[in-house]
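S.K.: One structure coming up, written as structure tokens, with questions to follow.
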Amino acid sequence: MKQSQFGAHSRRPKSKTFRLASFKIDDEDETELTKEDLKSIYAELQAISDKLREENRILCEREVKVKERERMLSVSQDSLQTVTDYQVKVKTAAVEERFRSELIQLEQAFKDKNKENKRLKENFETIKQANDVLKKELEVLQIQNAKLTKTSNGLQARLVNLQRKQEYEQKLKDSEVFKQHIESSSEQAQKDTVLSSKQLDKQEEKSQKPSKSSKQNTIQLYSTALSTLLDWVCEAFLRQAITDMPTRPSESYTTPSFIQERVLKVLPSLVEILRDNVGNIRCCLPCLQFIYWSLLHIDQIQTQQNVSMSTTLRRLGEEIYYPKSSRVSEAEKIMGSPAALNEKLKDAQFMRNSNSHVRFLSSLIVLKTLTRADVLANAFDVLKTELKSDQQKELFLYYQATNVIVFYMKPLNKTFISVAVDIILQMSAESPFQQAFLDSCSNENFFRVAALLLRSPLQDVRVMERLSIILQKLSKIKSNKRFFEIYTIAAIIQEMLVAGGNDNAFLTLNLKSVLFNLNSAVKF
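Have a look at this one:
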């Protein structure tokens with residue numbers, strides 16, 4: 001290597017090389033070189049050697065730097081590979097974790113859907129069984145209704161005949177009395193002074209006889225009702241509160257059959273008691289409360305005995321709506337003034353009583369007992385007027401009157417659907433009792449009737465608007481979502497939106513709000 005370097009450097013000083021060559025040539029001539037020449041050659045060679053060493057050192061340093069750079073590059077490559085592998089592992093682990101969590105969520109949602117489907121299937125089977133039972137009961141009731149209709153028609157025809165016969169006999173008696181009065185008027189004028197004392201005695205005796213009999217009947221009615229109630233209180237409450245060895249379990253005194261048995265004994269007596277206490281609020285209000293709660297208990301059990309009690313219940317409703325004690329006789333119609341007669345009728349009716357509690361309760365009882373359209377319309381008007389105050393709304397909740405009104409929301413009662421929905425909407429307005437009322441509507445009975453009303457072909461737009469407001473408020477209660485699903489109200493609303501489009505913006509907005517509260521997408 002040094003020789004090659006030497007050769008490379010030897011080309012630079014051409015003159016000196018030529019000189020050496022000349023020395024070699026001269027060597028032939030002269031046997032020895034001078035010392036100066038050798039020193040110069042040696043110095044020249046030494047300089048070349050120094051340069052070569054310097055270049056060798058530089059190359060070695062460069063080689064060391066290159067190796068260091070190669071080492072650093074390999075280290076950085078290894079570290080970069082390590083970081084890359086770590087990042088890949090972290091991202092892979094995150095993706096796997098997210099995948100596992102999503103998989104768990106999907107599995108949980110799948111399980112929930114399966115549970116929901118099973119529950120819906122069980123509900124469907126239950127509803128189907130209940131529907132079959134109701135069909136059988138409906139057939140039995142239709143047969144009973146046909147029999148009772150025939151009996152009622154026969155009794156009605158007989159009653160009409162008896163009324164005609166009575167009117168005819170009354171006319172004959174009136175004509176005979178009128179003739180006798182004309183014939184004896186002259187004779188009586190002469191004998192008035194003589195027979196006045198005798199006639200007065202006879203009249204007193206005659207008046208005392210019917211008054212005594214009526215008093216006896218009244219006392220008997222009061223004693224029957226009072227004895228039944230006292231026996232009930234003693235047997236079911238007083239004795240049970242202090243005895244250690246009851247004759248039978250206390251739960252038996254709260255069964256519907258036991259309560260209905262006692263109720264049916266008292267109700268017939270209340271017709272006459274109400275008639276005698278029209279103006280006595282302290283007496284008639286507890287009677288009205290007893291009648292109303294009894295009606296609710298009777299509705300819980302449908303038996304043949306209830307059918308036989310329909311006449312008594314109708315008499316109670318008629319006595320409350322138009323009491324016999326306020327009915328005007330023919331003589332009063334002829335002799336009395338119209339203002340006095342109207343005042344008598346107005347004061348005597350329970351639904352026009354000065355006490356708002358009596359008016360409210362009377363209207364509910366009329367809705368439960370009577371069927372005449374004009375009477376029911378009057379009862380609804382009274383109820384709507386009373387419910388303008390919060391006090392009457394509180395009474396509405398206290399008497400659990402929601403089901404009484406919901407009964408008239410069924411498509412069968414076309415005449416009163418609108419006013420019934422109005423009352424429900426009136427109760428659902430902003431008030432201290434709004435939430436309690438919405439809770440009373442959160443049951444199967446209300447949602448069943450609402451679904452029937454939505455499915456009915458003859459839909460009034462105003463009724464649908466008011467019903468949509470009520471459903472919108474009920475859909476905000478999370479527990480009501482199952483009722484919307486059971487009775488497919490959301491699907492019915494979807495069909496209404498698809499069929500109706502945007503014809504009624506207010507109704508469409510309310511229906512969409514119901515679906516939004518139920519987390520159900522609107523489909524068009």
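If you count by full-length UniProt numbering, then the sequence shown holds residues 1 to 524, one letter each, in order. The beta-carbon is built from N, C-alpha and C at its ideal position, and this holds for glycine as well. This structure is a prediction, so every number in the text was calculated from the model and none was measured.
#1: Determine the closest residue to Phe416 out of Gln426, Thr488, Val463 and Ser362, with distance taken between C-alpha atoms.
#2: Where do the N-terminal and C-terminal ends of the alpha helix (DSSP H) with Ala505 fall, by residue?
#3: Once the 5 residues before and after Phe506 are set aside, which same chain residues still bring their CB inside 7 angstroms of it?
#4: By DSSP, does Lys333 sit in helix, in strand, or in coil?
#5: Taking only three categories from DSSP, how would you classify Ser468?
#6: I need the DSSP call for Asn413, collapsed to helix, strand or coil.
#7: For the alpha helix (DSSP H) holding Ser356, just list the boundary residues, first then last.
#8: Can you tell which of Thr385, Gly317 and Ile470 has its C-alpha closest to the C-alpha of Glu272?
#9: Select from Lys512, Glu122, Leu134 and Glu137 the residue whose C-alpha is nearest the C-alpha of Ile493.
#10: In whole angstroms, give me the CA-to-CA distance for Gln129 and His357.
#11: Take every Cβ of the stretch 429-449, pair it with every Cβ of the stretch 469-484, and state whether three or more of those distances are shorter than 8 angstroms.
#12: Alpha carbons only, please: which of Met496, Ile477 and Lys384 is nearest the one belonging to Val461?
#13: Ignore the nearest five residues each way along the sequence and tell me which others in Ser475's own chain have a CB closer than 6 angstroms to its CB.
#14: Return the Cβ separation of Phe360 and Glu386 in integer angstroms, given the expectation that the two are a contact with Cβ distance under 8 angstroms.
#15: Count the other CB atoms, across all protein chains shown, that sit within 10 Å of the CB of Arg69; report buried if there are 16 or more and exposed otherwise.
#16: If Lys414 sits next to Val449, beta carbons under 8 angstroms apart, how far is it from one beta carbon to the other, in whole angstroms?
#17: How is Glu161 classed by DSSP in three states: helix, strand or coil?
#18: Between which two residues does the alpha helix (DSSP H) harbouring Gly279 extend?
#19: Within 10 angstroms of its Cβ, does Leu138 collect 16 or more other Cβ (buried), or is it exposed?
#20: Straight-line CA distance for Leu80 to Leu59?
#21: Looking at chain C, is there any beta carbon in it that lies within less than 8 angstroms of the beta carbon of Asp85?
#22: Beta-carbon separation of Leu367 and Val404 under 8 angstroms?
#23: Thinking just about the alpha-carbon of each residue, which of Gln434, Gly154, Glu430 and Glu36 is nearest to the one in Thr402?
#24: Taking DSSP as the reference, what is the three-state secondary structure of Glu430?
#25: For a quick check, are the C-beta atoms of Leu425 and Ile469 less than 8 angstroms apart?
#26: Just to confirm before moving on: does the CB-CB distance between Leu454 and Ile423 stay below 8 angstroms?
#27: With DSSP collapsed to three states, give me the class of Arg372.
#28: Could you give the first and the last residue of the continuous alpha helix (DSSP H) run that contains Gln391?
#29: Alpha carbon to alpha carbon, how far is Leu438 from Arg275?
#30: Going by C-alpha to C-alpha distance, which of Asp503, Gln46, Ala499 and Tyr487 sits closest to Leu120?
#31: Hey, out of Phe396, Met351, Leu295 and Glu394, whose CA is closest to Ala377's CA?
#32: Are Leu364 and Tyr292 closer than 8 angstroms when you measure CB to CB?
#33: Which whole-angstrom value describes the C-beta separation of Ile298 and Val263, a residue pair presumed to lie in contact below a C-beta threshold of 8 angstroms?
#34: Who are the Cβ neighbours of Lys384 in its own chain at under 8 angstroms, not counting the five residues just before and after it?
M.R.: Looking at the atomic coordinates:
#1: Val463
#2: Ala505 to Asn517
#3: Glu465
#4: Confidence at Lys333 is low in this model, with a pLDDT of 40, below 50, so its placement is unreliable and no value can be given for it.
#5: Note: Ser468 maps to helix in three-state DSSP.
#6: coil
#7: Ser356 to Thr369
#8: For Glu272, the nearest C-alpha among the options comes from Gly317.
#9: It is Lys512 whose Cα lies nearest to the Cα of Ile493.
#10: 42 angstroms
#11: yes
#12: The candidate whose alpha carbon is nearest that of Val461 is Met496.
#13: Val514, Asn517 and Leu518
#14: 5 angstroms
#15: Around the beta carbon of Arg69, a 10 Å sphere encloses fewer than 16 other beta carbons of the protein chains shown; the residue is thus reported as exposed.
#16: That belief does not hold up - the Cβ atoms of Lys414 and Val449 are roughly 14 angstroms apart, past 8 angstroms.
#17: In the sequence on display, residue 161 carries Asn and not Glu. Reduced to three states, the DSSP call for Asn161 is helix.
#18: No alpha helix (DSSP H) contains Gly279, which DSSP labels as neither H nor E.
#19: So Leu138 ends up on the exposed side.
#20: 31 angstroms
#21: Within the model displayed, chain C is absent; a lone protein chain is all it includes.
#22: The answer is yes: Cβ separation under 8 angstroms.
#23: Thr402 has its Cα closest to that of Gln434, out of Gln434, Gly154, Glu430 and Glu36.
#24: coil
#25: yes
#26: no
#27: coil
#28: Asp390 to Tyr398
#29: So the alpha carbons of these two residues sit roughly 37 angstroms apart.
#30: Tyr487
#31: Met351
#32: yes
#33: 7 angstroms
#34: Val419, Asp422, Ile423 and Gln426
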